[in-house]
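Residue numbering for the sequence shown follows this note's numbering, starting at 510 and increasing by one per position.
Where a beta carbon is used, it is the ideal one built from N, C-alpha and C, also for glycine.
Remarks on the structure that follows.
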Amino acid sequence: MQAKKQKIIIGNWKMNPLSIGEAKEIFLGVKKVATSLTNVKTVICPPFVYLSLLNKLYTDEVIAFGAQNVFWDTKGAFTGEISAPMIKSVGGSFVIVGHSERRNMGETDEVVQKKTALALRSGLTAVVCIGEKERDKDGNFFHFLKGQIRESLKGLHKKHLERIVIAYEPIWAINKSDKDAMSPGDLREMAIFIRKNLVDHFKTASAASISILYGGSASSSTAKELVGGGQVDGLLVGHQSLDVTNFSDILKTVNAL
Ligand code: PGA
């Protein structure tokens with residue numbers, strides 16, 4: 510019998526918390542629950558400055574660490590930037606690329622593509638974010654997403670398919686209350702659409718096995734419906750990932766699906 514595919518739950522801490530002390534507290538709280546779960550892969554993406562310190566607290570493989578951004582070159586005169594080999598060398602194995610909050614600061618599909626390509630070549634798993642600003646009644650968001658998939662994933666090598674994750678994060682649902690998350694029915698439709706576009710893009714049926722995560726005000730009360738009803742492979746959780754109780758409940762809920 511084929512092993513059940515692990516769901517992926519990523520905690521995107523964004524620019525939080527304010528101190529390493531708080532970061533340790535949150536991480537150790539999450540660790541207590543996450544370490545015992547077998548159906549869920551927990552990934553914690555703290556700010557860069559906390560990454561290696563948290564990784565030293567935990568060297569087991571059950572929880573993975575990731576970064577929230579990466580540069581598109583390996584090394585050199587790029588003041589303030591951080592490269593994929595650096596992330597790897599401090600214990601990171603995932604990286605979020607093209608989050609809408611970065612795209613909003615000017616990151617284009619072309620930049621997202623360059624960052625993703627180098628992250629994959631460096632051995633990281635790239636969590637590529639896509640998502641529309643609004644769900645217009647004419648359905649233009651479908652064309653928009655198709656374009657984001659085509660341009661952000663342009664020229665990527667099929668041999669890296671297993672290390673590509675898509676985070677579908679409709680911008681209108683991000684950082685709101687849990688009742689503002691996308692409905693499971695709409696999410697299911699979007700997941701089918703994205704999966705079909707991935708297969709078309711990579712011209713191989715194996716692209717259908719790329720994990721698709723949902724992000725946008727996911728919470729412990731909506732996790733079951735979003736992942737189960739929405740038929741996605743996990744969640745990218747923002748503000749709720751900083752609350753140990755809520756994030757632990759999300760992990761346990763999805764683990765039980
Ligand atoms: P949210 O953030 O869960 O706070 O809406 C999700 C994200 O932006 O990754």
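Could you tell me if aspartate 742 is buried or exposed, where buried requires 16 or more neighbouring beta carbons within 10 angstroms of its beta carbon?
Taking the sequence shown and counting its residues from 1, the one referred to as residue 742 is at position 233. So aspartate 742 counts as buried.
Answer yes if the region 601 to 612 comes into contact with the region 570 to 585, meaning at least three C-beta pairs across the two stretches below 8 Å, and no otherwise.
A contact between stretches requires three or more CB pairs, one per stretch, nearer than 8 Å, and the region 570 to 585 meets this requirement with the region 601 to 612.
Helix, strand or coil for alanine 676? Go by DSSP, reduced to three states.
The residue you call residue 676 lines up with position 167 of the sequence shown. Reduced to three states, the DSSP call for alanine 676 is strand.
So, do the region 637 to 655 and the region 590 to 604 have three or more beta carbon pairs nearer to each other than 8 Å?
No, the region 637 to 655 does not touch the region 590 to 604.
If you pair each beta-carbon of the region 514 to 527 with each one of the region 746 to 760, do three or more pairs fall below 8 Å?
The region 514 to 527 vs the region 746 to 760: in contact.
Cβ neighbour criterion (16 or more within 10 Å) applied to methionine 699
As a first step, residue 699 must be located in the sequence shown, where it is residue number 190. Label assigned to methionine 699: buried.
Mind checking whether glycine 747 and alanine 676 have CB atoms under 7 Å apart?
Residue mapping note: residue 747 aligns to position 238 of the sequence shown, counting from 1. Residue mapping note: residue 676 aligns to position 167 of the sequence shown, counting from 1. Against a cut-off of 7 Å, the Cβ pair of alanine 676 and glycine 747 comes out as no contact.
Could you work out which residue in Asn521, Ile721, Lys550 is closest to threonine 761 when comparing CA atoms only?
For the purposes of this step, residue 761 is taken as residue 252 along the sequence shown, with counting starting at 1. First, the amino acid is wrong: residue 761 is lysine here, not threonine. The shortest C-alpha to C-alpha distance from lysine 761 to any of Asn521, Ile721, Lys550 is the one to Lys550.
With isoleucine 759 as the anchor, note down where its alpha helix (DSSP H) starts and where it stops.
Against the sequence shown, residue 759 aligns to sequence position 250. Segment 753 to 764, the alpha helix (DSSP H) holding isoleucine 759.
Start-to-end residues for the beta strand (DSSP E) that takes in phenylalanine 603:
On the sequence shown, residue 603 is found 94 positions in, with the first residue counted as 1. 601 to 606 is the extent of the beta strand (DSSP E) around phenylalanine 603.
Could you have a look at glycine 538 and say whether DSSP puts it in helix, strand or coil?
By 1-based counting over the sequence shown, the position of residue 538 is 29. The DSSP-derived three-state label of glycine 538 is helix.
Below 8 Å CB to CB, which residues in the same chain sit around leucine 670 once its five sequence neighbours on both sides are set aside?
Translated into the one-based positions of the sequence shown, residue 670 becomes position 161. Excluding its 5 nearest sequence neighbours in each direction, leucine 670 has C-beta neighbours in its own chain below 8 Å: Phe711, Thr713, Ser715, Ala716, Ser718, Ile719, listed in chain order.
Pick out whichever of Ser730, Ala532, Lys514, Lys705 has its Cα sitting closest to the Cα of proline 555.
By 1-based counting over the sequence shown, the position of residue 555 is 46. When each option's Cα is compared against that of proline 555, the closest is Ala532.
I'd like to check one pair, asparagine 564 with phenylalanine 557: are the Cβ atoms closer than 7 Å?
Mapped onto the sequence shown, residue 557 falls at position 48. Mapped onto the sequence shown, residue 564 falls at position 55. For phenylalanine 557 and asparagine 564, no; Cβs fall outside 7 Å.
In its own chain, which residues sit with a C-beta less than 6 Å from the C-beta of serine 728, not counting the 5 before and 5 after it?
Looking up residue 728 in the sequence shown gives position 219. Within the same chain, serine 728 has close Cβ partners Asp687, Gln749.
Label glutamate 534 either buried or exposed according to how many other C-beta atoms from any shown protein chain fall within 10 Å of its C-beta, with 16 as the threshold for buried.
Position 25 of the sequence shown, counted from the first residue, corresponds to residue 534. Glutamate 534 comes out exposed.
Which residue comes first and which comes last in the alpha helix (DSSP H) that contains valine 708?
For the purposes of this step, residue 708 is identified with residue 199 of the sequence shown, where counting begins at 1. Start and end: 693 to 711.
Asparagine 764 versus leucine 627 - alpha carbon distance:
Counting from one through the sequence shown, the residue named residue 764 turns up at place 255. Counting from one through the sequence shown, the residue named residue 627 turns up at place 118. Rounded to whole angstroms, asparagine 764 to leucine 627 spans 32 Å at the Cα level.
Over what stretch of residues does the alpha helix (DSSP H) that includes tyrosine 723 continue unbroken?
Locating residue 723 in the sequence shown gives position 214, counting from the first residue. For tyrosine 723, there is no enclosing alpha helix (DSSP H); the residue is part of the beta strand (DSSP E) that begins and ends at 720 to 724.
Every unbroken beta strand (DSSP E) inside the region 532 to 601 [3 residues or more]:
The region 532 to 601 contains these whole beta strand (DSSP E) runs: 549 to 554, 572 to 576.
Beta-carbon contacts of lysine 685 that lie in its chain and below 7 Å, excluding the five residues immediately before and after
For this step, residue 685 is matched to residue 176 along the sequence shown. Closer than 7 Å at Cβ, skipping near neighbours: Ser726.
Could you have a look at alanine 727 and say whether DSSP puts it in helix, strand or coil?
Residue numbering aside, residue 727 sits at position 218 when the sequence shown is read from its first letter. Alanine 727 falls in the coil class under three-state DSSP.
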